[in-house]
Amino acid sequence: MKKIRVGIVNYLNTKPLVYGLERLPIAEKIELIGDYPARLSQMLKSGQIDIGLVPVATLPELSDFHIVGNYCIGTEGEIASVALFSDVPMPEIRKIYLDYQSRSSVELLKYLMRESWGISPELVPAMDDSFRNEIKGTTAGLVIGDRAFEQRKISTFIYDLGSEWKAITGLPFVFATWVSTRPLPDDFIAEFDKANEEGMNHIEEIVNETTFPFFDLRRYYKMHLSYRLDARKRKAIIHFQSLMSEGT
Numbered sequence: 016m017k018k019i020r021v022g023i024v025n026y027l028n029t030k031p032l033v034y035g036l037e038r039l040p041i042a043e044k045i046e047l048i049g050d051y052p053a054r055l056s057q058m059l060k061s062g063q064i065d066i067g068l069v070p071v072a073t074l075p076e077l078s079d080f081h082i083v084g085n086y087c088i089g090t091e092g093e094i095a096s097v098a099l100f101s102d103v104p105m106p107e108i109r110k111i112y113l114d115y116q117s118r119s120s121v122e123l124l125k126y127l128m129r130e131s132w133g134i135s136p137e138l139v140p141a142m143d144d145s146f147r148n149e150i151k152g153t154t155a156g157l158v159i160g161d162r163a164f165e166q167r168k169i170s171t172f173i174y175d176l177g178s179e180w181k182a183i184t185g186l187p188f189v190f191a192t193w194v195s196t197r198p199l200p201d202d203f204i205a206e207f208d209k210a211n212e213e214g215m216n217h218i219e220e221i222v223n224e225t226t227f228p229f230f231d232l233r234r235y236y237k238m239h240l241s242y243r244l245d246a247r248k249r250k251a252i253i254h255f256q257s258l259m260s261e262g263t
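Going by our numbering, the first residue of the sequence shown is number 16, and it counts up by one from there.
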């Protein structure tokens, strides 16, 4: 039987989701392929993977998609690993570099600038990781993932995108969710969900096995991240997509 290719993100926040996929019997049925979120979306569109943990901002670009299972990368407020970083207060920002690894975060930032912050600096899509060296003076940067924790130790002003979204909408936010471009068998989806759940039950083990000096991972997994794709998060996805279309 041909293995199902599953695109995973190489960030700390996916460790609980991947834990069971690597350890339970489903591991024999899948091939895990790692990359950053924006790239996984491209791979799903081109057929290089069958399932991907892809940014919700890219879902409208898919001609046909199916949300797989009941888990995601989400937050009920402060996410900690997705933020706008600056040396100066927000009104003084003149340029913002946009993390090339992100799509949902970029669209969320644009929405917050337009509807809440009232700023209109120059937006520059970053091409590689060197953009973080430009975060100084009146130039800010949107940084996501593990690199955001490193940036927290450097920048004076940190504007958490999860917190800012929650303050405006009262909703959780979903950055990425499992998506396929074709229907999958119900028994596979149930097994996939079970594997995701397995990691939720082994957070302590994941924390103890991971060395990361920049942030308290136990706090990150238990307080900042919210993995269950419940009804409120599904509502938040729909709401965010409607706001994206309004902004175009």
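Ideal Cβ positions, reconstructed from N, Cα and C, are used throughout, including at glycine.
What you are looking at is a predicted structure, and each value in this text was computed from that prediction instead of being measured.
- Per DSSP, reduced to three states, the secondary structure at D102 is coil, with no helix or strand assignment.
- In this model, S145 and I82 are separated by some 34 Å (Cα to Cα).
- Around the CB of A182, fewer than 16 other CB atoms lie within 10 Å, so the residue is classed as exposed.
- Per the Cβ contact rule, the region 168-187 is in contact with the region 242-260 (3 or more Cβ pairs under 8 Å).
- Segment contact: the region 164-184 against the region 63-81, fewer than three CB-CB distances shorter than 8 Å; contact not assigned.
- Here K237 has I218 as same chain residues with Cβ atoms under 8 Å from its own Cβ, once five neighbours each way along the sequence are excluded.
- Closest in alpha carbon position to K60, among S195, Q256, Y174, is S195.
- Cβ contact annotation for G160 (same chain, cutoff 7 Å, sequence separation greater than five): Y26, S96, Q116, in chain order.
- DSSP, reduced to helix, strand and coil, places T90 within a strand of the structure shown.
- With contacts defined by Cβ atoms closer than 8 Å, V24 and L68 form a contacting pair.
- Sorting D143, P31, I150 by C-alpha distance to the C-alpha of K110 places I150 at the top.
- Residues M105, P106, I108, M128 of the same chain have their beta carbon placed closer than 8 Å to that of I134, with the five preceding and five following residues left out of the count.
- Restricting attention to E130, W132, L157, P198, the CA atom closest to the CA of D143 is found in L157.
- Under the three-pair Cβ rule at 8 Å, the region 205-222 counts as touching the region 28-43.
- Under DSSP, R243 shares a beta bridge with Y86.
- Taking the Cα positions, S101 is about 7 Å away from T154.
- Annotation: the continuous alpha helix (DSSP H) that includes A53 extends over 52-60.
- Pairing D79 with R20 gives a Cβ-Cβ distance that is not under 8 Å.
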